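The structure appears right after this line, and notes come after that.
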Amino acid sequence: MQNELKIALIQSDLVWENPTKNRQNFTKKIESISERIDVIVLPEMFTTGFTMHAKFVAETMNGKTVLWMKEMASKTNAAIVGSIVISEKSNFYNRLLFVEPSGYITSYDKRHTFTLVGEDKTYTAGKEKVIVHYKGWKIRPLICYDLRFPVWSRNTEDYDVLLYVANWPKPRVSAWDALLKARAIENMSYCVGVNRVGVDGVKSEYSGHSAVYDVLGNLITEFDPNEEAVQVVTLEKRHIEAYRNKLKFLDDRDTFNIT
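Residues 179 to 437, numbered by our numbering, are exactly what the sequence shown covers, in order.
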């Protein structure tokens, strides 16, 4: 078991529907990290931006971006995390990939597709909850709109880290800030959120606000809004264990089933 987990959050602009250029840009950003890292987190749909043109940009699990993620994970000896557009069995998915240095991949398909812009009409919603077991840590990966639904993120598995990748627009960024903090507090876990900056191909504007909150809801990162940046933060198992043992709020969870 590893008592500390060092995570690099990459808050970046994205080139609209251009996987090649985005992979090149993220290669440079990842290579600029000089210290040892355990996990590198990229935004939602980091190769394309939040596009509904799935058939024009979709890749397979054997495609260039998955191969690139494997290569970067091996090269940095760190897990690479982010979501991309995947085509599989005649369906499109907004799929988060957690790619370990060994090449092993854990995937999560976004459950709550964003109906406001018709994501539900383009992408097939996922149905499975996922826990990544990595270096003695339990990580729950989720995507953007999932943040608004606390039942889906509810900590029934005693996970250590709740991790969101996003394209969360600037007009509603106050909700992003509030909900990330709330998810950390109610689940007594670290909560990591990586959002993009810039303007996409349909004129939606993004202001970042990538963040990490600790078990008590304290913000432990400082990102400048609207700016591209890479920030490294160290998560500590003893922080989680100390407050869960002292406060025991998770022991009082209600029991119910999700259908």
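Virtual Cβ for every residue (Gly too), placed ideally from N, Cα, C.
Every value quoted in this text rests on a predicted model; they were computed, and no experiment measured them.
- Judged by pairs of C-beta atoms under 8 angstroms, the segment 405 to 412 touches the segment 183 to 194, as three or more such pairs exist.
- Judged by DSSP secondary structure, residue 204 falls within the alpha helix (DSSP H) whose first and last residues are 197 to 209.
- DSSP, read as helix, strand or coil, puts residue 337 in coil.
- Judged by DSSP secondary structure, residue 432 falls outside any beta strand (DSSP E); it is assigned neither H nor E.
- In this structure, DSSP gives residue 252 a helical state, which the three-state scheme calls helix.
- Only buried fits residue 259, as 16 or more other CB atoms lie within 10 angstroms of its CB.
- Burial check for residue 380: the Cβ neighbour count within 10 Å stays below 16, so the residue is exposed.
- The C-beta of residue 378 has 16 or more other C-beta atoms within 10 Å across all chains shown, which makes the residue buried.
- Here residue 318 is buried: its Cβ has 16 or more other Cβ atoms, across all protein chains shown, within 10 Å.
- Classified as buried, residue 261 has 16 or more neighbouring CB atoms from the shown chains inside 10 Å of its CB.
- Within the segment 362 to 434, the complete beta strand (DSSP E) runs of at least 3 residues fall at 368 to 372, 375 to 377, 383 to 385, 389 to 391, 407 to 414.
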